[in-house]
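Reading through the C-alpha cells given below for one structure.
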Amino acid sequence: MYNSQIAEMLSEIADMLSLDEKDRKFEVRAYRKAALTISGLQEDVAEIYKKGGIDAIMELPGIGKGIAASVKEYIETGRMSKFDDLKKKYPLDFKSLTSIQGMGAKKAFKLYKYLKIKDVDDLKRAVSKHRIRDLGGFGEKSEEDISKGIAIMEASMGRMALGAALPEAEDIVRKLNESGLVGRSAIAGSTRRMKETVGDLDILVTSSKSEKVMDFISKMEEVEDVVLSGPTKITVRLRIGLNCDIRVVEQDSFGAALQYFTGNKDHNVKVRQIAIRLGYKLNEYGLFNKNGRNVAGKDEESIYKKLGMEIMDPEMREDRGEVELSLQHKIPKVVQLGDMVGDLHVHTNHSDGSATILEMANAAREIGRKYIGISDHSKSEYVAHGMDDKQFEKHLSEIDKANEKLEGIRLLKSAEIDILKDGSLDLSKKTISLMDYTLASIHTNLNMGREEMTKRVILAMESGYVSIFAHPTDRIINVRKPIDIDLDKVFQAAEDNGVILEIDGYPDRLDLNDENIMRARHYKVKFSIDTDSHSPAHLSLMRYGVSTAKRGWLTPDRVVNTLGVDRLVRLFRR
DNA sequence: GCCGTTTTCGGCCCGACTGTTTTCAGTCG
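Sequential numbering from 78 applies to the first sequence in my numbering.
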C-alpha cells in the first residue's frame, strides 16, 4: 500500500513549500489537499495507476497534472524528485516535528536554522538545555509549551474509538446543562458525525455568562489541563487522553456554529462556496447577505434552506457526493434509529453473555424491540463457552419455553456459527434446521492469505445454511486489523446466495464500516444492523450501528431488521 | 498546483487564540 507514504510525502512538500520566500500559499494548499485525498483513499493508489494509468490518478479530486506525475514517478521508481530536491534544502523531519501541538513548519525550520534541530530527539535535548527560550520569536513559555507538546505526543494513542469518546462528550454536555450556566448545548465535530474514531471532542453551548462557563469547565474533574482559553473558546486536555474544544456562541448563531463545527472540512468548504456564489458569506456566526445582515443562523436547517439545499443527517456530511445531491433535493432517506424493529445478534449466558434469555428479552422489550434473535456461539469458541449440537438442541427448546412466557416480544432461534478453517460450519445441518436463521462468522485462523480466506467465506455462503455473515472483516478498532479478504468477491457471493451482510454495531467493531457499506450498496444485498449484545446494557448500542449505516447511505428498505417479525421470518425461509 | 453553473485565467474558506511583539505571524480547526 503506497497511500500513506505518498500522502506523507505530499504533506511534507507542502510544509517545505510554505517556507519559501515567495508566497506560495495556494500551492501549499493544493499539496495539502492532494495529501488528504490520497490518505483517504480506500484503494491503493498504485492499483488505481495500474488499472487506469496517470489519467485515473488525475481523476482524483485535487490532483492534477503536476501532482499526478509525482505520484506516478514514486510508484514506478520509488523516488519523488520534487520531494528529494526540497529535502536537500530542508533536511529535517517535518512529519514528527509538526505533529507536536503548536509546532508548524515555520517554527520547525527556525529551530533548524538557528539551533540545527532536525528531529524530536534534537528538540528534546535543546529543551532540556533551555536553548530555545533565547531564540528570537520564542520565549520561556514557548519552550514550556514545546516540552508539554512532546510529552502529549508521546503519550497519545492517536484517535480514540467513538465508543469511548461519545459517552465522555455526553457526560460533559450533561454536566454543563446541569450547571445552569448554559442555554442550548450540543456535541459537534466528528463525534456528531459518528465517525468510528475521533481525534478530539467539539462541544457548543450558548450562554450569557461565558466567563463563568470557562471557569466551570476548567475545574471539571474530567479535565487534566487547560490548553488555551479565550472569551469564546476553551481547549482542555481530558484525562482520558483527548483534547476537547468548547465554544460559547450567541443564540442567533447556534445553528451556524453547529453547522460549521460539525463539518467535515470538505463538506463545509463546498457549502461556503455555494454561499459565496449566491452572494452570501457563511461563517460560524451566521449566513450574511451583502448588507451584512444575518439571514439564517439560529438552526442548521434554515441555513441549508437559504442556500437551496436539502439538509442531511450529520453522518452524511463527509463530502462523498451529498452536497451535489442536496442541491438537487435528492438526499437518500437513510435509515433512522426509530426504524429498527428487532436485533438479530444477541448473546446470553448460554455462551459468553452475562444475562439469561429472559433478562435479555425483557431488556430488549423495554427499549422497544419487537423481536431479538438469540445467537449464542458454537462449540469451536471454547473461550466463549460455545455449545455443540446436543447442547444447542436443549438451548433451542429453552428459547421455545421462554417464548411462551413472553408477551410483547418474540425470540428467534439462531446461533453465531464459526466458519471453520476449511469453510465448513461448526454445527450440523440437522441442528441448524431447527433454527429460524443463522449468523456465521470468523473467529479463528485470522491470518490466512487473502485468496484462501475469500474462498473459505464464499464456501460457507454457498452451503445454503448461512443467513447472515456477521462482522465480515473481524476488525477491532484500534486493536485488530481487518482480515485480508476480497470484499468485492464476498459481496458478489452474498448477492448470489441471498446472504445478508451484518453491520455489527458494537462500538469496538462497527463492521462492516461506512466505507465498506458504501461499496456493498452496489450489490443486490440486504443488511442487518445488530448490537452483538453480551449484556442487557449493550442492547442500546444500536445507535452506533444505525449511524454507521447512515454513513454508508443505507436506506431502511435495505435493512432486514426494520421489518416486522412475520415478514422477516418469511424472508429467512426463502 | 488545481479547477470551471460568470472563469482555460484568476481565483482559491474563515476566524480564534497565543506569545512575543509594539501590530502580528504562526498555528489550529
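From the three backbone atoms N, C-alpha and C, an ideal C-beta is built for every residue, glycine too. As the structure is a computational prediction, the values presented were derived from the model and not from experiment.
So residue i packs on residue j, CB below 8 Å; how close in whole Å?
i: SER452; j: HIS422; result: 5 Å
i: SER330; j: TYR362; result: 5 Å
i: SER544; j: PHE649; result: 6 Å
i: ILE577; j: VAL637; result: 6 Å
i: GLY266; j: LEU278; result: 7 Å
i: GLY374; j: LYS367; result: Wrong, their Cβ atoms sit about 16 Å apart, outside the cutoff.
i: ILE134; j: LYS149; result: 7 Å
i: ASP588; j: THR550; result: 5 Å
i: ASP563; j: ARG527; result: 6 Å
i: SER679; j: SER158; result: In this structure the chain extends from 78 to 651, so residue 679 is not present and cannot be described.
i: LEU384; j: ILE351; result: 5 Å
Do you know how far the Cα of residue j is from the Cα of residue i?
i: ARG101; j: LEU163; result: 14 Å
i: LYS358; j: LEU364; result: 6 Å
i: GLU231; j: VAL646; result: 53 Å
i: LYS471; j: GLU481; result: 16 Å
i: LEU258; j: GLY332; result: 19 Å
i: ARG349; j: LYS603; result: 36 Å
i: ILE494; j: ALA517; result: 5 Å
i: ALA146; j: ALA123; result: 13 Å
i: ASP565; j: GLN178; result: 40 Å
i: HIS611; j: ASN439; result: 14 Å
i: ILE280; j: LYS206; result: 39 Å
i: GLU436; j: PRO613; result: 7 Å
i: SER431; j: TYR514; result: 23 Å
i: ASP199; j: VAL303; result: 27 Å
i: SER501; j: ILE476; result: 26 Å
i: MET180; j: GLY129; result: 39 Å
i: MET595; j: GLY629; result: 5 Å
i: ARG156; j: ILE90; result: 13 Å
i: ARG586; j: MET297; result: 31 Å
i: LYS498; j: ASP420; result: 28 Å
i: LYS218; j: MET386; result: 47 Å
i: ASP561; j: LEU243; result: 29 Å
i: GLY398; j: GLU378; result: 19 Å
i: ASP609; j: ILE553; result: 13 Å
i: THR639; j: VAL412; result: 9 Å
i: ILE223; j: ALA182; result: 14 Å
Spell out the partners DSSP gives residue i in its beta bridges.
i: GLY419; result: TYR448
i: MET237; result: VAL275
i: ALA517; result: ILE494 and PHE546
i: VAL148; result: None; VAL148 has no bridge partner.
i: LEU578; result: PHE546 and PHE604
i: MET464; result: SER455
i: LEU281; result: ALA263 and ARG324
i: ASP588; result: ASP581
i: ILE553; result: ARG557
i: SER610; result: VAL423
i: VAL636; result: PHE604
Inspect the beta-carbon positions of residue i and residue j and report whether they are closer than 8 Å.
i: ILE449; j: LEU488; result: yes
i: MET464; j: SER428; result: yes
i: LEU616; j: GLY582; result: no
i: VAL275; j: VAL282; result: no
i: PRO168; j: LYS201; result: no
i: PHE293; j: SER256; result: yes
i: VAL325; j: LEU315; result: no
i: HIS344; j: ASP376; result: no
i: GLU572; j: SER605; result: no
i: LEU94; j: TYR108; result: yes
i: ILE434; j: ALA492; result: no
i: PRO409; j: THR339; result: no
i: LEU511; j: LYS490; result: yes
i: LEU414; j: ARG270; result: no
i: ILE144; j: TYR126; result: no
i: THR312; j: ASN320; result: yes
i: LYS506; j: TYR542; result: yes
i: VAL567; j: LYS447; result: no
i: TYR191; j: LEU174; result: no
i: LYS172; j: GLU85; result: yes
i: GLU220; j: VAL204; result: yes
Those runs of the alpha helix (DSSP H) which lie wholly inside the segment 480 to 513 and span at least 4 residues: Listed in chain order, the complete alpha helix (DSSP H) runs (minimum 4 residues) inside the segment 480 to 513 are 506 to 509.
Which runs of the beta strand (DSSP E) fall wholly inside the segment 287 to 335 and span at least 3 residues, in chain order? Qualifying beta strand (DSSP E) stretches, in chain order: 300 to 306, 310 to 315 and 320 to 326.
Continuous alpha helix (DSSP H) assignments of at least 4 residues falling wholly in the segment 337 to 397: Segments of the alpha helix (DSSP H) lying fully in the segment 337 to 397: 342 to 354 and 377 to 383.
Restricting to runs no shorter than 4 residues, where is the alpha helix (DSSP H) found entirely within the segment 195 to 247? Counting only runs of 4 or more, we get 197 to 205 and 217 to 232.
Pick out the complete alpha helix (DSSP H) segments inside the segment 110 to 168, 4 residues or longer, and give them in chain order. Whole alpha helix (DSSP H) segments, 4+ residues: 122 to 136, 142 to 154 and 158 to 166.
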